[in-house]
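Chemist: Protein chains in written order, with my numbering: chain W, 334 to 684; chain R, 334 to 684.
Ideal placement from N, C-alpha and C gives every residue a C-beta, glycine not left out.
No experiment lies behind these values; they were computed from the predicted model shown.
I'd like to ask some things about the structure below.
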């Protein structure tokens, strides 16, 4: 090892779900939306004036922030936007988890949390889910330097009732509490209104799932003005211009088309509820998902075997080779047609 | 101050040049390109399939990386891309400047460097430029934890000869040396080929200036495979998907249109050389710019007065209220028409 290599930061990167470059039949492994974004997004992209690309984008993303603020019914000063919710969450870790005490997170949760903690050398402690794979609110009330959890949790797909979310916040008013609501639009109850009551609560959202815009990288956070200005200060200490002109235009169009958004959500929820039944009939135990994916374990067949046999048929789902969940598959809700292909394949594999 | 506020990271953000929301006559304050990007970019945006926005973008930005690798004649494994060169540089600071010894930077240089150092708690030391506002290579040879400088330097616009750049690298083979070539395309000599000789050298470039794409946020770095894989590991520990689909498509189109690129550069250089003469005739001392901006001080009139009087006329240039350079203006090279408006205004202000 050369001398300069000794000063390189050591990290263990997050591994995203595979983006297959080969032709695939059905891709149900990264929780993307099976439907395209609002047609208003198409128009917004067509209306882009490429000649303006020569200019820096608005560093405050004012119009996108305004569109989100209007939609969420909060003042603009309480909205922060970033390059996907990963950028927003990563920046929130860097900004708010700057103490000596451990940040609390579940043992089974979004697997980027401990990656950010390691990257920024933030001490953390993992709290086991209970046997039903639920977050136990009481366990999040010990002394800590911050709290972060998704609601619904990923990859379990299980929602915690708002009363329990509030219990965690109420018991943790000396630290920042981050509620990651990437999947809240699929039937969950948001903690967003609690940001009016608790100025240490940050709620994080994404355009990647319910708004079908994973490819454009837009996420946002809602919190008190104090939280949001602290986040902005760190953002402006890293990169003044994160949101490019195309992302802003697409984001504004997407959030304004509420009707299309609601239709998309309804279709996904309806497919999901049917999928729960079908998979149960196939001998799976399926958690009560409030997300756009299922978390399922088969009563007799190994998860890894099912995963591999689906993969052989060019059907991609997600398998986590991790303690406690290595008998589970995470299956994104696709279109009804895609789900039929999955069901047919499962019928063959399981028979 | 509430308890949770004590754990917020304290930062002093970078302040970007103003993006005026009012109508302006001429905007020469953020070193944007006065000409639009290649018409191939327009086509690439038109060809975007908005329906694919529902999918995550390629986390490796493979095609954009390939287009850059082809253009720069390096293997793909030696290319890293990010959301503007600020993202690339910020990530490089986080990745490579992880030791105890101070990182060396000039006292007058890109003002984001010390912001990143403060954000990531990196010790640093500033080395004064000489009286001619030049970097003194010998001064960058003391013991350190890394070296970073732009070439040409900003905001001085002065290029360091490649032999001197190499001298700094040769004397600093135990640390990572970052050469920030944001402005190299405007007549400078790149250190890029030296990355074949020195595996601790990282050369950083941007699409924001010479490629007229500030609004789309694309930057890149070229270095040894060791440097690039370390950068990638940190990137994948922060945000898997940084480059959105539109940015990648636009970037690929821009870098492939070499003819248009060369024409743009030629026009800007020709306008710049004339601007040097005109401003000298007006009583300015102008550094020998190898960039798309001038750095100029007037022999009798206060820089701040000129700045404000130009601003009153809705002509924006950049004034830095900082020691040693508060008698200078940084003036971006605009179109010939824009420069004529500037000259006319200066004639009135200086008479």
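Please confirm whether residue 338 of chain W has its beta-carbon closer than 8 Å to some beta-carbon of chain R.
Modeler: Closer than 8 Å: yes.
Chemist: Please identify, using Cβ separations under 8 Å, the residues of the segment 405-435 of chain W that lie next to chain R, in order along the chain.
Modeler: Within the segment 405-435 of chain W, the residues whose Cβ lies closer than 8 Å to some Cβ of chain R are 416, 417, 419, 420, 423, 427, 428, 429, 430, 431, 432, listed in chain order.
Chemist: Scan the segment 527-577 of chain R and note each continuous beta strand (DSSP E) run of 3 residues or more that stays entirely inside, going in chain order.
Modeler: The qualifying runs are 534-539, 552-555.
Chemist: Below 9 Å between beta carbons is the criterion; list the residues of the segment 458-487 of chain W that meet it against any residue of chain R, in chain order.
Modeler: Cβ contacts with chain R come from 478, 479.
Chemist: Say whether the segment 448-456 of chain W touches the segment 336-350 of chain W, bearing in mind that this needs 3 or more beta-carbon pairs closer than 8 Å, one atom from each stretch.
Modeler: Result yes; three or more Cβ-Cβ pairs closer than 8 Å.
Chemist: Since residue 499 of chain W is in the alpha helix (DSSP H), which residue starts that stretch and which ends it?
Modeler: 495-503 is the extent of the alpha helix (DSSP H) around residue 499 of chain W.
Chemist: Residues of chain W with CB closer than 7 Å to the CB of residue 383 of chain R, please, in chain order.
Modeler: Result: 369, 370, 374, 375, 378.
Chemist: Can you tell me where the alpha helix (DSSP H) holding residue 377 of chain W begins and where it ends?
Modeler: From DSSP, the alpha helix (DSSP H) with residue 377 of chain W extends over 372-379.
Chemist: Anything in the segment 503-537 of chain R with a Cβ closer than 7 Å to a Cβ of chain W? List those residues in chain order, please.
Modeler: Hits within the stretch, in order: 507, 508, 509, 533.
Chemist: Is there a C-beta anywhere in chain R that falls below 8 Å from the one on residue 341 of chain W?
Modeler: Interface residue, yes.
Chemist: If we count the other Cβ atoms within 10 Å of its Cβ and call it buried at 16 or more, is residue 677 of chain R buried or exposed?
Modeler: Residue 677 of chain R should be labelled exposed.
Chemist: Residue 649 of chain W touches chain R at which residues, Cβ-Cβ below 8 Å?
Modeler: The premise fails here: residue 649 of chain W is roughly 12 Å from chain R at the closest Cβ pair, so nothing lies under 8 Å.
Chemist: Quick one: what does DSSP say residue 360 of chain R is sitting in, helix, strand or coil?
Modeler: Strand at residue 360 of chain R.
Chemist: Alpha carbon to alpha carbon, what distance is there between residue 669 of chain R and residue 441 of chain R?
Modeler: About 29 Å.
Chemist: In its own chain, which residues sit with a C-beta less than 7 Å from the C-beta of residue 499 of chain W, not counting the 5 before and 5 after it?
Modeler: Cβ within range, chain order: 527.
Chemist: Check this for me: beta carbons of residue 618 of chain R and residue 632 of chain R, under 8 Å apart or not?
Modeler: Taking 8 Å as the Cβ cut-off, residue 618 of chain R and residue 632 of chain R qualify as a contacting pair.
Chemist: Going along chain W in order, which residues have a C-beta closer than 7 Å to the C-beta of residue 569 of chain R?
Modeler: Residues of chain W passing the Cβ test: 346, 347.
Chemist: Does the segment 415-425 of chain W come close enough to the segment 563-577 of chain W to have 3 or more Cβ pairs within less than 8 Å?
Modeler: Because the criterion of three Cβ pairs below 8 Å is met, the segment 415-425 of chain W and the segment 563-577 of chain W touch.
Chemist: Decide if residue 581 of chain R is buried, meaning its Cβ has at least 16 other Cβ atoms within 10 Å, or exposed.
Modeler: Label assigned to residue 581 of chain R: buried.
Chemist: Provide the residue(s) that pair with residue 459 of chain W in DSSP beta bridges, ordered along the chain.
Modeler: Answer by DSSP bridge pairing, in chain order: W/438.
Chemist: Give the residues of chain W in contact with residue 391 of chain R, contact being defined as C-beta atoms less than 8 Å apart.
Modeler: Near residue 391 of chain R (Cβ distances below 8 Å), the residues of chain W are 352.
Chemist: Closest by CA to residue 391 of chain R, which one among R/658, R/640, R/569?
Modeler: The shortest Cα separation from residue 391 of chain R among R/658, R/640, R/569 belongs to R/569.
Chemist: Under 8 Å between C-beta atoms, does residue 365 of chain R make it to chain W?
Modeler: Yes - at least one Cβ of chain W is within 8 Å of the one on residue 365 of chain R.
Chemist: Is the CB-CB distance between residue 365 of chain W and residue 389 of chain R below 8 Å?
Modeler: Taking 8 Å as the Cβ cut-off, residue 365 of chain W and residue 389 of chain R qualify as a contacting pair.
Chemist: Give me, in chain order, the residues of the same chain whose beta-carbon lies closer than 8 Å to that of residue 635 of chain W; leave out the 5 immediate sequence neighbours on both sides.
Modeler: Hits under 8 Å: 660.
Chemist: Counting contacts by CB-CB distance shorter than 8 Å, is residue 572 of chain W in contact with chain R?
Modeler: Yes, contact with chain R.
Chemist: Determine whether the beta carbon atoms of residue 325 of chain R and residue 552 of chain R lie at a separation below 8 Å.
Modeler: The structure shown does not extend to residue 325 of chain R, since chain R spans only 334 to 684, so no value can be given for it.
Chemist: Strictly below 8 Å CB to CB, what residues from chain R border residue 642 of chain W?
Modeler: Ordered by position in chain R, no residue passes the 8 Å Cβ test against residue 642 of chain W, which lies about 24 Å from the chain.
Chemist: Could you give the DSSP three-state label for residue 291 of chain W: helix, strand or coil?
Modeler: Since the first residue of chain W shown is 334 and the last is 684, residue 291 of chain W is not available in this structure.
Chemist: Where are the beta strand (DSSP E) runs, 3 residues long or more, that stay fully inside the segment 591-674 of chain R, in chain order?
Modeler: The segment 591-674 of chain R contains these whole beta strand (DSSP E) runs: 617-619, 626-631, 661-665.
Chemist: Taking Cβ to Cβ, would you say residue 545 of chain R is nearer than 8 Å to residue 482 of chain R?
Modeler: For residue 545 of chain R and residue 482 of chain R, no; Cβs fall outside 8 Å.
Chemist: Look up residue 513 of chain R in the DSSP assignment and give the residues it is bridged to.
Modeler: Answer by DSSP bridge pairing, in chain order: R/483, R/537.
Chemist: When Cβ atoms are compared, which residues of the segment 589-622 of chain W fall closer than 8 Å to chain R?
Modeler: Those would be none; no residue qualifies.
Chemist: On a CA-only basis, which of R/480, R/623, R/465 is nearest residue 510 of chain R? Give me that one, please.
Modeler: Nearest C-alpha to residue 510 of chain R: R/480.
Chemist: Inspect the CB distances between the segment 588-602 of chain W and the segment 554-568 of chain W and report whether three or more fall short of 8 Å.
Modeler: As far as the Cβ criterion goes, the segment 588-602 of chain W does not touch the segment 554-568 of chain W, which means the pair count is below three.
Chemist: For the beta strand (DSSP E) containing residue 415 of chain W, list its first residue and its last residue.
Modeler: Element bounds for residue 415 of chain W: 412-415.
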